[in-house]
Structure formats: structure tokens, C-alpha cells
Ligand SMILES: Cc1cc2nc3c(=O)[nH]c(=O)nc-3n(C[C@H](O)[C@H](O)[C@H](O)COP(=O)(O)OP(=O)(O)OC[C@H]3O[C@@H](n4cnc5c(N)ncnc54)[C@H](O)[C@@H]3O)c2cc1C
């Protein structure tokens with residue numbers, strides 16, 4: 018039998034879920050993950066916040082263990098102008114992940130299945146790899162798409178701070194405050210022992226705003242206190258980032274499916290797209306990958322784009338008309354489920 022070799026660039030959610038999915042179906046396929054950092058999970062990328070909802074059925078396959086959860090979310094509070102929506106979550110459906118630990122949990126599972134994980138292994142050019150298929154799970158911006166000149170999908174910009182001993186730590190409660198037309202601030206509880214919060218700001222485009230300054234102003238206006246122990250910024254790909262496949266390269270996670278337009282959530286999309294890519298390869302229908310992904314995610318992209326545009330018009334007419342993402346998804350999203 019001919020050996021099949023798969024090279025995966027990136028050892029985070031998308032890369033690991035692809036590897037696990039391949040090996041679960043066919044152990045004889047050789048899978049190598051190339052991760053540029055010296056350690057899986059416990060690196061800078063792993064410090065982005067980890068708010069995660071189990072809103073998709075398949076997500077249940079990737080349930081974090083106890084050690085991989087900082088805080089379970091029971092309440093979500095979304096504010097737009099003077100309108101506040103409070104969402105109650107069922108137990109076991111929404112978390113603030115210990116993202117670094119969760120990635121390690123996935124890596125342990127992958128290694129148990131025989132995946133070869135090579136750390137400190139930065140792929141500089143795609144022709145360094147000779148696998149039958151290459152999985153680009155290198156995140157955003159994707160290093161492979163950059164090399165190929167494909168990095169064109171819509172990207173948002175973010176900046177986040179982790180504050181220790183914060184007066185805004187509220188266990189089990191996540192807050193999102195929408196700003197202007199295109200941005201939002203999030204306040205997520207992190208570790209209860211340290212009363213840590215993740216406070217971040219995201220915009221759907223870089224309009225030349227200074228995100229750090231805006232966040233500091235917001236803290237001052239709202240009396241948010243706490244000692245900064247970590248800061249981080251980064252791009253968020255909003256919605257599908259085409260192409261999803263090029264020759265023998267499949268783009269997964271941020272490099273392919275991007276994040277949910279309403280909230281910037283990308284963890285579950287990364288896991289699900291990796292799962293799909295793995296199945297397509299192991300079951301020998303890789304060319305179907307773009308089609309299956311489009312079918313699964315396109316409705317949310319369309320809803321997201323309509324939502325943004327409708328709110329843009331509403332804000333000009335009367336800000337009271339503005340819909341929160343929750344209103345919108347439940348009122349209109351439900352119709353196209
Ligand atoms: C500030 C911020 C906060 C966020 N908060 C949330 C949140 O609360 N909830 C949520 O669901 N989503 C959040 N997201 C989005 C989420 O982080 C991503 O959607 C998710 O990490 C995508 O997973 P991925 O595996 O595709 O890519 P990543 O997690 O970005 O992993 C890419 C991996 O590839 C490696 N790599 C890159 N280039 C190379 C190379 N050339 N060679 C080898 N290895 C390489 C990197 O080191 C990294 O390990 C946030 C994003 C940002 C920027």
C-alpha cells in the first residue's frame with residue numbers, strides 16, 4: 018500500500034483537530050504537525066482569550082476537560098447604546114477556556130493517536146513540504162496565503178489586556194459592549210483566584226483608530242481597575258477567507274473559515290473546519306472540502322454581513338433601532354437554520 022503523508026502547518030485548534038480527525042478514521046496515514054513555537058499551547062498565540070460556546074453539534078466532540086476551563090459562563094450581557102440584552106446559558110454550554118491548556122489537551126490526544134508533532138519548526142515556504150496534502154492551519158495572517166498572495170479576506174483588528182485583581186471581575190458573566198458602527202469591547206472573567214479579566218477591543222477594520230487609547234479611555238470612563246499582566250493584539254479574519262483549497266493545500270481555521278462575524282469567535286470554527294478537512298482527507302474526497310465548508314458556514318457570513326449593514330443604517334436613522342447580535346441571530350438567523 019502506498020504511504021500517504023500529510024503536513025500540517027500550525028499546532029493550534031485547526032491543525033490539531035485536523036490531525037485527530039484523520040487519525041481517528043485512518044491510523045495508517047502519516048501526519049506531521051509543524052509548529053513554529055518551542056512549545057505547543059503555552060506560547061504567545063495561546064494567550065488570546067478563549068470565550069467559547071458549544072452552539073454547534075460537532076463542537077461537543079471537542080469538549081474541554083476540567084483543567085482546560087477557567088470559568089464557566091452562565092450569563093452573557095450585550096449592550097448597544099442604552100439597550101441591554103441578558104442571555105442565560107445552560108450549564109456546560111459556554112466557557113472561558115484555559116486556552117493554552119486546552120491546546121495541550123488536544124495535542125496529547127493527537128500524540129496518543131500517533132500524530133508526529135514537531136515544535137520549533139517554522140515553515141518558511143510551502144515547497145519545504147512534500148506531503149500528499151498540506152493543511153494550512155497557520156492562523157491569521159496565514160503565512161502560506163501570504164506567500165501565495167491570497168491573504169485578501171476581510172480582517173478585523175483587536176487589542177486585549179489581561180487585568181489582575183480587577184474590580185470588574187464577575188464570575189460566570191461575560192459582557193460585550195458595542196461601539197459605534199463597527200466595533201465592540203469585551204469583558205470576560207478569567208481566573209477567579211486572581212480576579213483576572215480579559216478586556217479587549219475589536220474593530221471590523223482598521224480605520225486608523227488607536228485601540229489601546231480607546232480601551233484606556235473606556236477603562237477610565239467606567240472605573241475599571243486592575244493590574245495589567247499581559248497585553249496582546251492581533252488580526253481576526255471575519256468570515257470565510259477564500260480560497261478554501263488551492264492545488265493540494267486545504268485552508269482550515271483562521272486561514273480558511275475565519276471567525277464568526279458577530280463576535281470574532283473562531284475557536285469552534287477552527288475545530289469544526291479541521292474536523293471536516295480531516296474527514297475529507299481520510300475518506301479520500303479532499304476536493305469536496307470547499308463545498309462542505311461553504312454549505313456549513315455561508316449562511317452565517319451572509320447574516321453577518323446583512324447585520325452589519327442594517328445596523329449601519331439604523332444607527333444613522335435612530336440608534337434605538339439597532340439590533341444586538343443576539344436579537345438578530347434569534348429573529349432572523351433562526352429562519353435560515
Ligand atoms: C486578541 C484575540 C482574541 C480572541 N478571542 C477569542 C475568543 O475569546 N474566542 C474565540 O472563539 N476566538 C477568539 N479569537 C479568535 C481565535 O483566536 C482564532 O479564531 C483561533 O485561534 C483560530 O485557530 P487556528 O488554529 O486557525 O489558528 P491559531 O490559533 O492562530 O494557530 C495558528 C498556529 O500556527 C502556528 N504557525 C503560524 N505560522 C507558522 C509557520 N509558518 N510554521 C509553523 N507554525 C506556524 C502558530 O504559532 C500557531 O500555533 C481571538 C483572536 C484574537 C486575535
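In our numbering, the protein residues as written are 18 to 354. Don't be surprised by glycine CBs; every beta carbon is placed ideally from N, CA and C.
Inset, instruction - Measure from the C-beta of residue 212 to each C-beta in chain C and report whether the shortest distance is under 9 Å. - result: The structure shown contains no chain C; it is built from a single protein chain.
Inset, instruction - Please indicate yes or no: does the CB of residue 162 lie closer than 8 Å to some heavy atom of ligand 1? - result: Residue 162: no, Cβ never under 8 Å from ligand 1.
Inset, instruction - Put residue 165 into one of helix, strand or coil per three-state DSSP. - result: Correct three-state label for residue 165: helix.
Inset, instruction - Check whether the Cβ atoms of residue 11 and residue 271 lie closer than 9 Å to each other. - result: Only positions 18 to 354 of the chain appear in the structure, and residue 11 is not among them; the question remains open.
Inset, instruction - Report the rounded CA-to-CA distance for residue 129 versus residue 33, giving the unit in angstroms. - result: Approximately 12 Å between the Cα atoms of the pair.
Inset, instruction - Name, in chain order, the residues that DSSP records as bridge partners for residue 176. - result: Paired residues: 218 and 250.
Legend entry - Uninterrupted beta strand (DSSP E) stretches inside the segment 263 to 332 (no shorter than 3 residues): You should have 266 to 268.
Inset, instruction - Rounded to whole angstroms, what's the CA-CA distance from residue 135 to residue 144? Just pull it up for me. - result: When rounded, the distance between both Cα atoms is 17 Å.
Inset, instruction - Please confirm whether residue 214 and residue 206 have their CB atoms less than 9 Å apart. - result: Contact flag set, yes.
Legend entry - Beta-carbon proximity check, residue 137 vs residue 52, cutoff 9 Å: Yes.
Inset, instruction - Apply the 10 Å Cβ neighbour rule to residue 245 and answer buried if 16 or more other Cβ atoms are within range, or exposed otherwise. - result: Burial call: exposed.
Legend entry - Residue of 333, 60, 280 and 294 minimising C-alpha distance to residue 313: Of the candidates 333, 60, 280 and 294, the one whose C-alpha sits nearest the C-alpha of residue 313 is 294.
Legend entry - Beta-ladder partner(s) of residue 206, from DSSP: DSSP, once it has assigned bridges, lists 214 as partnering residue 206.
Inset, instruction - Label residue 24 either buried or exposed according to how many other C-beta atoms from any shown protein chain fall within 10 Å of its C-beta, with 16 as the threshold for buried. - result: Residue 24 should be labelled buried.
Legend entry - Span of the alpha helix (DSSP H) around residue 63: First-last for residue 63: undefined, no H or E at that position.
Inset, instruction - Look at the alpha carbon of residue 288 and the alpha carbon of residue 233, and state the distance between them as a whole number of angstroms. - result: Each residue's CA atom was taken as its position, placing residue 288 and residue 233 some 33 Å apart.
Legend entry - residue 177: CB within 8 Å of a non-hydrogen atom of ligand 1: For residue 177, the CB falls within less than 8 Å of some heavy atom of ligand 1.
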